[in-house]
Amino acid sequence: MNYVVISSIGAVFMGFLALYVRMKAAKKPTNVRKIIMPPLFMSTGALMYVVPEFRLTPIEMLESIALGMIFSILLIKTSKFEIRDNEIYLKRSKAFIYILVGLLIFRLGLKTILSSTIDFGELSGMFFLLAFSMIVPWRLAMYLSYKKLYQQLHGKK
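Sequential numbering of the sequence shown, starting at 1216, is according to the working numbering.
Written out as structure tokens, the structure reads:
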């Protein structure tokens, strides 16, 4: 089994894990820590760039960041908060599930196509940067939205 297949299986597993966590999170009130911790934890993955085979050219970085930011728009549009019982909750969105699965399928297809022309290490670096460039704007937008509701709920602080 080659690296692309193994990493694709891992991506599918992570996608379903993200769906599970999202559905579970919607049942409990949220807070700033729950919003900002995922990108902070994910940022440790940038250590992969210490290894030369994972390093990217400037154009590969630009492509990965641009695509990640475009994908983040879909996640931002489907991540809304609401106030219930004097707490802030993430609203459940059926569209989020379809968008996340759609993005996963698109990324797997893209990885399959690109794996024939780009080395595995570079491709891994590109897809990490794409994912990171997707999660950071999404979580930043969530944070700003949360802060607005928090101020509305607790007054200006």
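A virtual CB, placed ideally from N, CA and C, is assigned to each residue, including glycine.
1. Going by DSSP, name the residue or residues bridged to TYR1304.
2. Are GLU1275 and GLU1337 closer than 8 Å when you measure CB to CB?
3. Mapping DSSP to helix, strand and coil, what is ILE1333?
4. Compute the Euclidean distance between the alpha carbons of LEU1394 and THR1259, then round it to the nearest angstrom.
5. Would you report the Cα separation of TYR1304 and THR1245, rounded to the nearest angstrom?
6. Please confirm if the stretch 1317 to 1324 is in contact with the stretch 1249 to 1267, defined as three or more CB-CB distances below 8 Å between the two stretches.
7. What is the rounded straight-line gap between the Cα of GLU1297 and the Cα of LEU1364?
8. How far does the alpha helix (DSSP H) with ALA1241 in it reach, from first residue to last?
9. Enumerate in chain order the residues of its own chain whose CB-to-CB distance from ALA1240 is below 8 Å, with the five nearest sequence positions on each side excluded.
10. CB-CB under 8 Å to ALA1346, same chain, minus the five flanking residues each way: which ones, in chain order?
11. Where do the ends of the alpha helix (DSSP H) carrying PRO1253 lie?
12. Assuming THR1327 and ILE1314 form a contact by the criterion Cβ under 8 Å, report the distance between their Cβ atoms to the nearest whole angstrom.
13. Indicate whether SER1348 and SER1222 have their beta-carbon atoms separated by less than 8 Å.
14. If we count the other Cβ atoms within 10 Å of its Cβ and call it buried at 16 or more, is MET1238 buried or exposed?
15. So, is the C-beta of ILE1314 closer than 8 Å to a C-beta in chain D?
Based on what the coordinates show:
1. GLU1297, per the DSSP bridge assignment.
2. The answer is yes: Cβ separation under 8 Å.
3. Three-state DSSP puts ILE1333 in coil, outside helix and strand.
4. Residue 1394 cannot be examined here, being either before or after the span of the chain that is shown, 1216 to 1372.
5. Each residue's Cα considered, the two are about 6 Å apart.
6. No, the stretch 1317 to 1324 is not in contact with the stretch 1249 to 1267.
7. Straight across, the Cα-Cα distance linking GLU1297 with LEU1364 is about 8 Å.
8. Where ALA1241 is concerned, there is no enclosing alpha helix (DSSP H), because DSSP gives it neither an H nor an E.
9. Excluding sequence neighbours, ALA1240 sits near LYS1249, LEU1305.
10. For ALA1346, same chain residues with a beta-carbon under 8 Å away, outside a window of 5 residues either side, are MET1257, GLY1283 in chain order.
11. Looking at the DSSP string, the run of the alpha helix (DSSP H) that includes PRO1253 is 1247 to 1258.
12. With a beta-carbon spacing of about 20 Å, THR1327 and ILE1314 fall beyond the 8 Å limit used to define contacts.
13. Against a cut-off of 8 Å, the Cβ pair of SER1222 and SER1348 comes out as no contact.
14. By the neighbour-count criterion, in which a residue is buried when 16 or more other Cβ atoms sit within 10 angstroms of its Cβ, MET1238 is exposed.
15. The displayed structure is made up of one protein chain only, and chain D is not part of it.
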